[in-house]
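J.: Numbering (our numbering), first residue to last: 461 to 543.
First the structure, then my questions, so here it is.
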């Protein structure tokens, strides 16, 4: 058996590097969180997935359904420099 990544979806998203106070607050929840990815709600997104952005790999640490209205997701991610 060979394990490999496959593309689940291609979507529009805002990738925002965290800095200052945001980085400190995010670090309390999960260590090494470096980016927030904001996107429209997409059912099935989990922390077992990753985001490819501009040749960079972001490992999803947590998935937040903003206001629990199934309209927007915020993915708290950390960049994987060697991936």
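Don't be surprised by glycine CBs; every beta carbon is placed ideally from N, CA and C.
Please read all numbers here as calculations on a predicted model, not as lab measurements.
In three-state DSSP terms, what is residue 526?
T.: Helix, per DSSP.
J.: In terms of residue numbering, what span does the beta strand (DSSP E) encompassing residue 477 cover?
T.: First-last of the beta strand (DSSP E) with residue 477: 473–477.
J.: Can you grab the Cα-Cα spacing for the pair residue 527 / residue 501, in whole Å?
T.: Their backbone Cα atoms lie some 11 Å apart in a straight line.
J.: List the residues that DSSP assigns as beta-bridge partners of residue 501.
T.: DSSP lists no partner for residue 501.
J.: Three-state secondary structure (DSSP) at residue 521?
T.: Strand, per DSSP.
J.: Buried or exposed: residue 511, going by 16 or more other Cβ atoms within 10 Å of its Cβ?
T.: buried
J.: On the CB-based measure, 16 or more other CB atoms within 10 Å of its CB, does residue 471 come out buried or exposed?
T.: exposed
J.: Among residues of its own chain, excluding the 5 on either side of residue 513, which ones have a beta-carbon nearer than 6 Å to its beta-carbon?
T.: 475
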